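First the structure, in the form of structure tokens, and then the observations on it.
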Amino acid sequence: MLEELSKRLLRHQRPIRIAITGSLASGKSTALKAFRAAGYATASADQIVEQIYKRRAVTKSELLKRYSRSRTGIKKLEAWIHPQVKREVSKFLKNSRRSSVVEIPLLFEAGMQSHFDFIIYIFCPKLLRAKRALKRGMNSKLFQALDARQWSAYQKASLSNLVLHNWDKKKYKARAMQLAKFLRQVHN
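In structure tokens, the structure reads:
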């Protein structure tokens with residue numbers, strides 16, 4: 065698998081564009097940190113969303129209260145935010161002079177996969193993800209509602225170039241760093 069990946073990345077003359085995606089609380093941010101440490105330009109869709117909220121003088125909790133009560137509300141929120149995130153990600157990729165990695169939880173749901181040369185899906189079992197989300201202060205009902213809005217792990221994994229498993233936090237961090245360093249060596 066890595067040999068095939070190496071050949072594919074070597075064909076790129078310009079800096080490569082990598083997306084990291086995965087379900088809620090799967091470990092996407094940890095992988096993004098590994099790529100940042102390996103020298104990639106990085107961006108996070110979650111941080112982009114926070115900046116958009118800040119510019120509009122609204123908080124995430126206000127929007128969740130307003131829109132998370134129904135499927136229609138969540139769809140309205142997504143219809144408002146996804147185009148803005150797409151614009152910001154496109155701008156980041158266009159302006160980056162080096163290989164870039166963007167963490168995008170709803171990559172496939174927002175139809176953004178065509179922006180990237182390579183997609184890494186982070187897999188983590190739902191029970192472990194739920195435990196992490198609750199530990200961060202999210203309530204169970206909201207976790208279930210948001211998780212239900214995402215494509216299944218199978219769908220995302222089948223559309224990705226590589227699946228990175230996150231069962232054990234310490235081992236996962238080490239694997240993410242190894243992958244980031246390996247891809248950096250291949251494409252430099």
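When you read off a place in the sequence shown, starting at 1, and then add 64, the result is the number in the numbering used here.
Positions of the beta carbon are idealized from the N, C-alpha and C atoms, including for glycine.
None of the values given here were measured: they were computed from a predicted structure.
Got a sec, what are the start and stop residues for the alpha helix (DSSP H) R135 sits in? R135 to N159
Out of curiosity, what's the CA-to-CA distance linking T94 and S164? 16 Å
According to DSSP, what are the bridge partners of L226? I184
Would you check if the distance between the CB atom of A217 and the CB atom of F172 is smaller than 8 Å? no
Using a 10 Å radius around the Cβ and a threshold of 16 neighbouring Cβ atoms, would you call T106 buried or exposed? buried
Using the three-state DSSP reduction, which class does T94 fall into: helix, strand or coil? helix
Taking three-plus beta-carbon pairs below 8 Å as touching, is the segment 141 to 155 in contact with the segment 109 to 126? yes
With DSSP collapsed to three states, give me the class of A105. strand
Quick one: residues in its chain with C-beta nearer than 7 Å to the C-beta of W215, no 5 flanking neighbours on either side, listed in chain order? F172 and E173
Determine whether the beta carbon atoms of F207 and L88 lie at a separation below 8 Å. yes
Limits of the unbroken alpha helix (DSSP H) element including S204: Here the alpha helix (DSSP H) through S204 covers S204 to R213.
Can you give the Cα-Cα distance for S160 and F99, rounded to whole angstroms? 15 Å
Endpoints, beta strand (DSSP E) assigned at A194: Per DSSP, A194 belongs to no beta strand (DSSP E); it is in the alpha helix (DSSP H), K190 to K199.
Assuming Q177 and L223 form a contact by the criterion Cβ under 8 Å, report the distance between their Cβ atoms to the nearest whole angstrom. 7 Å
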